[in-house]
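Accompanying notes for the structure given below.
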Amino acid sequence: MDGDRWLRRDVFGAFAAAAGGLLLPRDAWGGSRPGILGVMSGDPAPHRGLVWAQTDRPARMWVEWSTHPSFRDRSVVRGTDAVPGCGYTARAHLTSLPSGRPVYYRVIFEDLSDLRTRSFAMLGQLTTTSPRARRLRLGWGGDVAGQGWGIDPDRGGYRSFETMKRFGFDAFIHSGDHVYADGPLRSTVELESGVWRNTITPAKAKVAETLDEFRGQYAYNLLDRSFRDFFAHTPVIAQWDDHETLNNWYPNEMLDDERYREAQVSVLADRARQAFRESLPLDPTQPIHRSVPLGPLAEVFVLDARSFRGPNDPNAGPRKDWLGQMQVDWLKARLQASGSLWKIVASDMPLGLVIPDGPHHEGLANARPELGGREHELAEILTFAREKKIRNLLFVTADVHYAAAHHYRPDRAKFVDFDPFWELVAGPLHAGTFGPNDLDPTFGPEVMYTSRGPDDRQNLSPAEGEQFFGVLDIETSGVLHAAIHDQSGAQRWARSLTPLEE
39 MDGDRWLRRD VFGAFAAAAG GLLLPRDAWG GSRPGILGVM SGDPAPHRGL VWAQTDRPAR
99 MWVEWSTHPS FRDRSVVRGT DAVPGCGYTA RAHLTSLPSG RPVYYRVIFE DLSDLRTRSF
159 AMLGQLTTTS PRARRLRLGW GGDVAGQGWG IDPDRGGYRS FETMKRFGFD AFIHSGDHVY
219 ADGPLRSTVE LESGVWRNTI TPAKAKVAET LDEFRGQYAY NLLDRSFRDF FAHTPVIAQW
279 DDHETLNNWY PNEMLDDERY REAQVSVLAD RARQAFRESL PLDPTQPIHR SVPLGPLAEV
339 FVLDARSFRG PNDPNAGPRK DWLGQMQVDW LKARLQASGS LWKIVASDMP LGLVIPDGPH
399 HEGLANARPE LGGREHELAE ILTFAREKKI RNLLFVTADV HYAAAHHYRP DRAKFVDFDP
459 FWELVAGPLH AGTFGPNDLD PTFGPEVMYT SRGPDDRQNL SPAEGEQFFG VLDIETSGVL
519 HAAIHDQSGA QRWARSLTPL EE
């Protein structure tokens, strides 16, 4: 297809350095032309890129890319067709990209009922990784539109995403709870400072049960301009947790909840998993747990602590599944094979925080000093890393709706066969603020920073600013500067970590 033929001057707005954002045409959302709901890229790589987009009707995706914002020397790639069976989402695999360079792309859709009818273009940007050591800037965080706090346009919508765009991340690790499929929104919520007014869609008016209702959870986020703009410019490394399905779920659970007509959680989770994979730039050939090499300085190991876990119970005594043995073995092998200096393990949930599920435990920790239950899996991973001299492990996570930095050391621990490591917690991005949680002593954690005190109020709205994201700056020397920032961009905590020699 001839890119000049469909990308006329009146079809797209150029990247505007002064504005620093996408210029969206007035009718980019539909009408007689296909409308584009959003574009994203995911899991950056040295010479390729995965571009995702969603439209509003059966349509054919085309992507034009260039190393220049003016789109000179452009190439055109045909993507997949957006059809009802995939929620009108589509993907394009860009290949032969230059390594370590910004790549500018723009997406259009052709209406499958009339290929002469084309959408306006929507613009995006990604940065490929490099086989040479170069400075990396990564972000992470999780938890969006939870606890009744949706999009209030009068309060700036998802304000954290507007702030995070200024940081210019090479990639953003979304630690899960992209959506709250079990958290319907009310149109208004009374605050001390006034009224919170949620944008409401049919999908957000009830708990998600059908595939289309789960898809609608992700489509809701794309209504927020800051969210769209951030992910159009920032490759995402996407992970899931519980609220993509429902709170604290595990396989084969049976619900006793009058809000649900479908009581089999595994049925709901299958639909939720399909919507998650459709609605984000994920390679359909890869499982949710995967590694994303970012060059010689860092590799990200994405865990899936949902799909293979056993039931939530007292979590004591003999070994119980959290990741499952297959995933534990995969992680050990990938950590050993990694040629990157920093091994960044993206966990759905914190390791040492006690996360209750009624009388049982939702997380890995069990609130006891003795090694028990799911903790055996972490012990196996940490012991393996020590035996194989796998250095510079760093865990990043979200889930608990506050920010924290924990340092784990064997001289404080009940289980001692491991090397010291850090766990950094950031979130929520746009949800209720809670915490702090109790620490489990098994692996000897110490709180080096927490954004919450024991008497702080719970379920603070995003309007109060206690929303957090994390930043990892890795210098070419290998020094890693970790920081936690709040919704305004203010730095709340920082620490520089010097890598250990092999």
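Heads up: the sequence shown begins at 39 in the numbering used here, then just goes up one per residue. Each residue gets a CB set at the ideal place from its N, CA and C atoms; glycine is no exception. Note that the coordinates shown come from a computational prediction; the quantities given were computed from them, not determined experimentally.
> Can you give, in chain order, each stretch of the alpha helix (DSSP H) that sits fully within the segment 406-434 and has at least 4 residues?
Replying inline: The qualifying runs are 413-425.
> Enumerated in chain order, which unbroken segments of the alpha helix (DSSP H) with a length of 4 residues or greater are wholly contained in the segment 271-355?
Replying inline: Within the segment 271-355, the complete alpha helix (DSSP H) runs of at least 4 residues are 303-316.
> Whose C-beta lies closer than 7 Å to the C-beta of residue 321 among residues of the same chain, with five residues either side of it excluded?
Replying inline: Excluding the 5 residues flanking it on each side, residue 321 has same chain C-beta neighbours closer than 7 Å at 81, 88, in chain order.
> Does DSSP classify residue 140 as helix, strand or coil?
Replying inline: Assignment of residue 140 by DSSP, reduced to helix, strand and coil, places it in the strand class.
> Terminal residues of the continuous alpha helix (DSSP H) containing residue 203?
Replying inline: Bounds of the alpha helix (DSSP H) holding residue 203 are 197-203.
>> If we require 3 or more residues per run, which beta strand (DSSP E) segments fall completely within the segment 146-207?
In response: Runs found: 160-165, 174-179.
>> With three or more beta-carbon pairs closer than 8 Å as the criterion, would you say the segment 491-499 touches the segment 522-540?
In response: Contact between the segment 491-499 and the segment 522-540 is absent, because fewer than three Cβ pairs lie under 8 Å.
> Between which two residues does the alpha helix (DSSP H) carrying residue 368 extend?
Replying inline: DSSP places residue 368 in the uninterrupted alpha helix (DSSP H) bounded by 363-375.
>> With a threshold of 9 Å between beta carbons, is residue 468 in contact with chain B?
In response: The structure shown contains no chain B; it is built from a single protein chain.
>> Within a Cβ cutoff of 7 Å, which residues of the same chain sit near residue 135, ignoring the five residues on either side of it in sequence?
In response: Correct list, in chain order: 85, 86, 87, 141, 166.
> On the three-pair Cβ rule with 8 Å, is the segment 195-203 touching the segment 221-232?
Replying inline: With a cut-off of 8 Å, the segment 221-232 and the segment 195-203 do not count as touching, because too few Cβ pairs lie within range.
> Given that a residue counts as buried once 16 or more other Cβ atoms are within 10 Å of its Cβ, and exposed if not, what is residue 292?
Replying inline: With fewer than 16 Cβ atoms within 10 Å of its Cβ, residue 292 is classed as exposed.
>> Tell me the residue span of the beta strand (DSSP E) that contains residue 91.
In response: Residue 91: member of the beta strand (DSSP E) spanning 87-93, first to last residue.
> Ordered along the chain, which non-local residues of its own chain (more than five positions away) have a Cβ less than 6 Å from that of residue 383?
Replying inline: Closer than 6 Å at Cβ, skipping near neighbours: 339, 433.
> If you follow the beta strand (DSSP E) that residue 506 is part of, which residue opens it and which one closes it?
Replying inline: Element bounds for residue 506: 506-512.
>> I need the DSSP call for residue 241, collapsed to helix, strand or coil.
In response: Looking at residue 241 - three-state DSSP - the assignment turns out to be helix.
> Which partner residues of residue 539 appear in the DSSP bridge assignment?
Replying inline: Looking at the DSSP output, residue 539 shares a beta bridge with no other residue.
>> Tell me the rounded alpha-carbon separation between residue 385 and residue 463.
In response: Each residue's Cα considered, the two are about 10 Å apart.
> So, is residue 160 buried or exposed, given that buried needs 16 or more other C-beta atoms within 10 angstroms?
Replying inline: Buried, by the Cβ-count rule.
>> Using only the alpha-carbon positions, how far apart do residue 163 and residue 217 sit?
In response: Rounded to whole angstroms, residue 163 to residue 217 spans 24 Å at the Cα level.
> Can you tell me the Cα-Cα spacing of residue 282 and residue 254, whole angstroms?
Replying inline: When rounded, the distance between both Cα atoms is 12 Å.
> Taking residue 447 as the reference, which of 461, 247, 353, 285 has the closest Cα?
Replying inline: Selected option, being the one with the closest Cα: 461.
> So, helix, strand or coil for residue 403, using DSSP?
Replying inline: The DSSP-derived three-state label of residue 403 is coil.
> Rounded to a whole number of angstroms, what is the C-alpha to C-alpha distance between residue 115 and residue 438?
Replying inline: For residue 115 and residue 438, the distance between alpha carbons rounds to 41 Å.
>> For residue 362 and residue 222, what's the separation of their Cα atoms in angstroms?
In response: Each residue's alpha carbon lies about 32 Å from the other.
> By Cβ distance, which residues of its chain are closer than 7 Å to residue 531, with the 5 residues on each side in sequence left out?
Replying inline: Counting only Cβ-Cβ distances below 7 Å, and skipping sequence neighbours, we find 443, 487, 521, 522.
>> Quick check on residue 408: buried or exposed, where buried means 16 or more other Cβ atoms within 10 Å of its Cβ?
In response: Exposed, by the Cβ-count rule.
> Count the other CB atoms within 10 Å of the CB of residue 177; is the residue buried (16 or more) or exposed (fewer)?
Replying inline: Under the 10 Å beta carbon count, residue 177 is surrounded by 16 or more other beta carbons and is classified as buried.
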